[in-house]
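Trainee: Sharing a structure with you now.
Number of protein chains: 2
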Amino acid sequence: MTGRPRSAQADDAIVDATLALLGEQGFDRVSMDAVAARAGVARATIYRRWPSKEALVIDAVARRTDPFPDAVTGPIRDQLVSILDGILAVSRTGAGRLLPCMVGATVSNPPLAEHYRAQILEPRRARMRHLVRNAVAHGELRRGVDVDDAIDLLLGALLYRLVFAGPDAVDDGEPARLVDAALKGLAPTSPPASGS
Amino acid sequence: MTGRPRSAQADDAIVDATLALLGEQGFDRVSMDAVAARAGVARATIYRRWPSKEALVIDAVARRTDPFPDAVTGPIRDQLVSILDGILAVSRTGAGRLLPCMVGATVSNPPLAEHYRAQILEPRRARMRHLVRNAVAHGELRRGVDVDDAIDLLLGALLYRLVFAGPDAVDDGEPARLVDAALKGLAPTSPPASGS
DNA sequence: CGCGTACGATACGAGACAGTCTCGTATCGA
DNA sequence: TCGATACGAGACTGTCTCGTATCGTACGCG
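First to last, the sequence lines map onto chains A and B.
The number in the working numbering is simply the position in the first sequence, starting from 1, with 39 added.
The number in the working numbering is simply the position in the second sequence, starting from 1, with 39 added.
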């Protein structure tokens, strides 16, 4: 027969607790005991749903990934700023420390990190790659720039600072400043910006 | 009396083993047993020299940090490429995975990460800041660029790729390409055909 | 030579953790 | 109402780790 159905609320609580603790302490320091305690459930309840700690973490990350903040139209400059703003906003939520946690996992738990890269990071990168390619085709970005170089330039700076200085050390204007710096370049004889 | 002196060779072996394992597995997964085994010493020999695992790791990192690859003269472009080349070279040695390991430590072990940032990263950044400031003063870099933004732009891109793709996924020409892209900027060299 | 210390080996205590299991209770569907 | 299942609580096993302690031995210095 059917019996008592599983509590969807417990599912949510477990996933939330898992992500929160991940961001606070990292994979190796999160215990199933701690997850259960924060979620307000018994350990057995977790193991009834996921076979192992690894499986729980992977699934939790996959579930709570925000959908693309998508399809801003307008000048490429504004689109890029919007994307970086989105990243900054996410970093300031509880899940903010998840990225450095996964960077650490590239060392301590490569399969987990690879899963994160392939499932979470890569789709977003692909979207951005598409965006940059389009901008190049429309003459909004300089020809001859490697698409991946451009993306790394734009993302790397923000992420580097976020990871090492923390979200609170990055002010709201940072994304715009970085995008403008990347577009205009650091050299003195800057190319004519559109309109000038 | 003097007695038997401590073996300096053991010191080296322990520090080397510590750094190697750190880069391979991360702080939390390195056990004193493993360090002792790889160094070919007994655990007691380690504890005779360092009071704890934390102390060992901190000291090991401090000891084996390469001196600045210093004072390249010439155009700022070449100096920057040289610096990024140096970073890439270090990343390909055994200590290469130490950086992502420390990024992970910002989550799982903040004091350790902060020590790394302050003692290892910050001096190098200060050196680079000085370099950039000079270049701006000499008109080699555009005025009005925030110095830290410029540094993050240059370093972030390389580190981002190194961390997530691994040192082997970055080819030798990457530093030069990134520096050139950052200097020249991503914007087109002629005004875009707006509205197209 | 021989004293004093470092050394390797190994045992040990304390505690954390993953994962399993059992118990009695709560809650659904039929 | 009743059967079936989920649930919280917690005991339990086996493993791992840090850090300490205790051996007998190796080795340098006076």
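Idealized CB from N, CA, C, for every residue including glycine.
#1: Check A:A215 in the structure and name its three-state DSSP category.
#2: Does DSSP put A:A81 in a helix, in a strand, or in coil?
#3: For A:R182 and A:I126, I'd like the C-alpha separation in whole angstroms.
#4: Okay, do the stretch 90-100 of chain A and the stretch 46-63 of chain A touch, 3+ Cβ pairs below 8 Å being the bar?
#5: Within the same chain, show all residues whose beta-carbon is closer than 7 Å to that of B:L151, passing over the 5 residues directly before and after it, in chain order.
#6: Using a beta-carbon distance below 8 Å, is B:V100 in contact with chain A?
#7: DSSP state of A:S147, grouped into three classes?
#8: Using the three-state DSSP reduction, which class does B:F226 fall into: helix, strand or coil?
#9: What are the start and end residues of the alpha helix (DSSP H) that includes B:D187?
#10: Specify the secondary structure class of A:L137 as computed by DSSP and reduced to three states.
#11: Using C-beta distances below 7 Å, list every residue in its chain close to A:S233, excluding the 5 sequence neighbours before and after it, in chain order.
#12: How long is the line joining the alpha carbons of B:P231 and A:A78, rounded to whole angstroms?
#13: Label B:E213 either buried or exposed according to how many other C-beta atoms from any shown protein chain fall within 10 Å of its C-beta, with 16 as the threshold for buried.
#14: Are the stretch 163-173 of chain B and the stretch 167-174 of chain A touching, with three or more C-beta to C-beta distances below 8 Å?
#15: Below 8 Å on the Cβ atoms is my contact criterion, and I expect B:M71 with B:R87 to pass it. Report the Cβ-Cβ distance as a whole number of Å.
#16: Can you tell me whether B:G178 is buried or exposed? The criterion is at least 16 other CB atoms within 10 Å of its CB, across all chains shown.
#17: Quick one: is B:Q117 near chain A, going by C-beta distance under 8 Å?
#18: Using 10 angstroms around the beta-carbon of B:S229, count the other beta-carbons present and answer buried if the total reaches 16, otherwise exposed.
#19: Please identify the residue among A:G133, A:I190, A:S147, A:N148 whose C-alpha is closest to the C-alpha of A:E161.
#20: Specify the secondary structure class of B:D210 as computed by DSSP and reduced to three states.
#21: Report yes or no: is there a C-beta of chain A within less than 8 Å of the C-beta of B:L60?
#22: Near B:D207, which residues of its chain fall below 7 Å by C-beta distance, leaving aside the five closest residues on each side in sequence?
#23: Against chain A, does B:R168 count as a neighbour if the rule is that its beta carbon must be under 8 Å from one of theirs?
#24: If contact means a Cβ-Cβ distance below 7 Å, which residues of the stretch 66-81 of chain B contact chain A?
#25: Could you tell me which chain B residues have their CB closer than 8 Å to the CB of A:V202, listed as they occur along the chain?
#26: Any heavy atom of the ligand GTP closer than 7 Å to the beta-carbon of A:A78?
#27: According to DSSP, is B:P162 helix, strand or coil?
#28: Taking the alpha-carbon of A:W89 as reference, which of A:A157, A:V175, A:D50 has the nearest alpha-carbon?
#29: Return helix, strand or coil for B:D98, following the three-state DSSP convention.
#30: Would you call the CB atoms of A:R216 and B:D117 closer than 8 Å?
#31: What's the C-alpha gap between B:V74 and B:L137?
#32: Leaving aside the five residues before and after A:S121 along the sequence, list all residues of the same chain whose C-beta is less than 7 Å from its C-beta, in chain order.
#33: For B:R181, which three-state DSSP category applies?
#34: B:I115 and B:A176 look like a contact to me (Cβ under 8 Å); what is the Cβ gap, rounded to whole Å?
#35: So is A:G178 in contact with chain B if we call contact Cβ pairs under 8 Å?
Mentor: With the structure as the only source:
#1: Numbered from its first residue, the first sequence carries residue 215 of chain A at position 176. Correct three-state label for A:A215: helix.
#2: Translated into positions along the first sequence, residue 81 of chain A becomes position 42. In this structure, A:A81 counts as coil in the three-state DSSP scheme.
#3: Reading the first sequence from its first residue, position 143 is the one you call residue 182 of chain A. Reading the first sequence from its first residue, position 87 is the one you call residue 126 of chain A. Roughly 26 Å separates the two Cα atoms.
#4: Contact check between the stretch 90-100 of chain A and the stretch 46-63 of chain A: three or more CB pairs, one atom from each, fall below 8 Å, which counts as touching.
#5: What you label residue 151 of chain B is simply residue 112 of the second sequence in a count that begins at 1. For B:L151, where only same-chain residues beyond five positions count, the Cβ hits under 7 Å are F66, E93, V96, I97, A144.
#6: Stepping through the second sequence from its first residue, residue 100 of chain B is reached at position 61. It does not; no Cβ of chain A falls within 8 Å.
#7: Here residue 147 of chain A refers to the residue found at position 108 of the first sequence. Of the three classes helix, strand and coil, the one that applies to A:S147 here is helix, per DSSP.
#8: Locating residue 226 of chain B in the second sequence gives position 187, counting from the first residue. It is Ala, not Phe, that sits at residue 226 of chain B in the sequence shown. Coil, per DSSP.
#9: Taking the second sequence and counting its residues from 1, one reaches residue 187 of chain B at position 148. Unbroken alpha helix (DSSP H) run through B:D187: 186-204.
#10: Locating residue 137 of chain A in the first sequence gives position 98, where the first residue counts as 1. Look at A:L137 here: in three-state DSSP terms it is helix.
#11: For this step, residue 233 of chain A is matched to residue 194 along the first sequence. In this prediction, A:S233 has a pLDDT of 41, which is less than 50 and means its spatial position is unreliable; what the coordinates show is noted afterwards. For A:S233, where only same-chain residues beyond five positions count, there are no Cβ hits under 7 Å.
#12: As a working note, residue 231 of chain B is residue 192 in the second sequence. As a working note, residue 78 of chain A is residue 39 in the first sequence. Model confidence at B:P231 stands at a pLDDT of 38, short of 50, so the residue's coordinates are unreliable and nothing is read from them.
#13: Indexing the second sequence from 1 puts residue 213 of chain B at position 174. By the 10 Å Cβ count, B:E213 comes out buried.
#14: no
#15: By 1-based counting over the second sequence, the position of residue 71 of chain B is 32. By 1-based counting over the second sequence, the position of residue 87 of chain B is 48. Between B:R87 and B:M71 the Cβ distance is about 12 Å, and since that is not below 8 Å, they are no contact.
#16: Here residue 178 of chain B is taken as the residue at index 139 of the second sequence, counted from 1. Classification of B:G178: exposed, given that the 10 Å Cβ count is below 16.
#17: For the purposes of this step, residue 117 of chain B is taken as the residue at position 78 of the second sequence. Sequence inspection shows Asp at residue 117 of chain B; the Gln mentioned does not correspond to that position. Chain A contact via Cβ: absent.
#18: Your numbering for residue 229 of chain B matches position 190 in the second sequence. Reliability of the predicted coordinates at B:S229 is poor, the pLDDT of 42 falling under 50, and no value is obtained from them.
#19: For the purposes of this step, residue 161 of chain A is taken as residue 122 along the first sequence, with counting starting at 1. Minimum Cα distance to A:E161 is reached at A:I190.
#20: Counting from one through the second sequence, the residue named residue 210 of chain B turns up at place 171. Coil at B:D210, not helix or strand.
#21: Taking the second sequence and counting its residues from 1, one reaches residue 60 of chain B at position 21. Not one chain A Cβ lies under 8 Å of B:L60.
#22: The residue given as residue 207 of chain B occupies position 168 in the second sequence. Same-chain partners within the cutoff: there are none.
#23: Stepping through the second sequence from its first residue, residue 168 of chain B is reached at position 129. For B:R168, the answer is no, since every Cβ of chain A falls outside 8 Å of its Cβ.
#24: Flagged, chain order: D67, R68.
#25: Along the first sequence, read from residue 1 onward, the residue named residue 202 of chain A stands at position 163. In chain order: V142, T145.
#26: Judged by which ligands are present, the structure shown has none, so any question about the ligand GTP falls away.
#27: For the purposes of this step, residue 162 of chain B is identified with residue 123 of the second sequence, where counting begins at 1. B:P162: helix per DSSP, three-state reduction.
#28: As a working mapping, residue 89 of chain A is identified with position 50 in the first sequence. Nearest C-alpha to A:W89: A:D50.
#29: In the second sequence, counting from the first residue as 1, residue 98 of chain B sits at position 59. Three-state result, B:D98: helix.
#30: Residue 216 of chain A sits at position 177 when you count from the first residue of the first sequence. Residue 117 of chain B sits at position 78 when you count from the first residue of the second sequence. Against a cut-off of 8 Å, the Cβ pair of B:D117 and A:R216 comes out as no contact.
#31: As a working mapping, residue 74 of chain B is identified with position 35 in the second sequence. As a working mapping, residue 137 of chain B is identified with position 98 in the second sequence. Spanning the two alpha carbons is a distance of roughly 16 Å.
#32: For this step, residue 121 of chain A is matched to residue 82 along the first sequence. Closer than 7 Å at the Cβ level, and outside the excluded window around A:S121, lie V111.
#33: Mapped onto the second sequence, residue 181 of chain B falls at position 142. Reduced to three states, the DSSP call for B:R181 is coil.
#34: Mapped onto the second sequence, residue 115 of chain B falls at position 76. Mapped onto the second sequence, residue 176 of chain B falls at position 137. Not quite, the Cβ-Cβ distance comes to about 11 Å (not below 8 Å), so this is no contact.
#35: Here residue 178 of chain A refers to the residue found at position 139 when the first sequence is read from its first residue. Answer yes: the Cβ-Cβ gap between A:G178 and chain B drops below 8 Å somewhere.
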